[in-house]
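Worksheet: the structure to be examined is printed underneath.
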Amino acid sequence: MKELQERIRAEGQNLGDGILKIDSLLNHQVDTRLIMRCGEEIARRFRDENVTRILTAEVSGIAPAFATAYALGVPLVYARKVKPVTMYGPVYLETAPSHTKGMEVNLLVSAEFLPANERILIIDDFLASGRTLKGLIRIVRSARSTVVGVACIVEKTFENGRQVLEPFGVRIESLVVITNMEDGRIVFADE
Numbered sequence: 101m102k103e104l105q106e107r108i109r110a111e112g113q114n115l116g117d118g119i120l121k122i123d124s125l126l127n128h129q130v131d132t133r134l135i136m137r138c139g140e141e142i143a144r145r146f147r148d149e150n151v152t153r154i155l156t157a158e159v160s161g162i163a164p165a166f167a168t169a170y171a172l173g174v175p176l177v178y179a180r181k182v183k184p185v186t187m188y189g190p191v192y193l194e195t196a197p198s199h200t201k202g203m204e205v206n207l208l209v210s211a212e213f214l215p216a217n218e219r220i221l222i223i224d225d226f227l228a229s230g231r232t233l234k235g236l237i238r239i240v241r242s243a244r245s246t247v248v249g250v251a252c253i254v255e256k257t258f259e260n261g262r263q264v265l266e267p268f269g270v271r272i273e274s275l276v277v278i279t280n281m282e283d284g285r286i287v288f289a290d291e
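Using our numbering, read the sequence shown as starting at 101 and increasing by one per residue.
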């Protein structure tokens, strides 16, 4: 997605250690028009998959997941990191390391909102190590539903997340692919 790539080039910051700061677009401030267009593009790519529900992880996955769910006209469910008092009954739980937080985080989804036999599209802001997405895939499979695909706003190929997800055999779509962030650069796959 050219517009997204241009915005990352103009506003993104390479903080080193593989961390890309795109806080002005998605991870702190949300450019709602841009993210709605991202959601429309993801919806276009998965329109023939008969998606019945979107799943993401809080917090940064919610905006693009919402935009996609809106475009597809389906519900959005997000995995919480902390169990609120209102979440009771059966719960799906996985853990995943957070690169930006430097610790393991919980991924909790109430079984009430992830019934069996759904066709789930998983969305996240980044595909980096793939471990958060792996946890979400495992949750969907525990719920006896089908993962129709994974969509990410930005993929960093040098962190090998796609290879981590390969054993699951799911379709992966990324709007922007970054192949290198060494020496302060941000290099896109199509360059």
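A virtual CB, placed ideally from N, CA and C, is assigned to each residue, including glycine.
Three-state secondary structure (DSSP) of residue 129: coil
Identity of the residue in 188, 176, 254, 116 nearest residue 138 by Cα: 254
Check whether residue 213 and residue 177 have beta carbons under 8 Å apart: yes
Cut-off 8 Å between Cβ atoms - residues of its own chain near residue 268, not counting five sequence neighbours on either side: 234, 237, 247
Residue span of the beta strand (DSSP E) that contains residue 242, given as start and end: It is not in any beta strand (DSSP E) - residue 242 instead sits in the alpha helix (DSSP H) that spans 231-242.
Sub-8 Å separation of residue 198 and residue 209 beta-carbons: no
Which listed residue (160, 155, 190) has its alpha carbon closest to that of residue 169: 155
Cβ-heavy atom distance, residue 208 to the ligand MN, below 7 Å: As presented, the structure is devoid of all ligands, the ligand MN included, so that no description of it is given.
Sub-8 Å separation of residue 112 and residue 102 beta-carbons: no
Spatial neighbours of residue 162 in its chain, beta-carbon cut-off 7 Å, leaving aside the 5 residues before and after: 156, 178
Where residue 276 falls, given that 16 or more other Cβ within 10 Å makes a residue buried: buried
Of the residues 249, 231, 240, 218, the one placed nearest residue 263, counting alpha carbons only: 231
Limits of the alpha helix (DSSP H) - the one that residue 170 falls within: 162-172
For residue 249, the three-state DSSP class (helix, strand or coil): strand
Pick from 256, 183, 196 that is closest to residue 114, judged by C-alpha positions: 256
Distance between residue 239 and residue 181 (C-alpha atoms, nearest Å): 14 Å
Start and end residues, alpha helix (DSSP H) containing residue 265: 261-265
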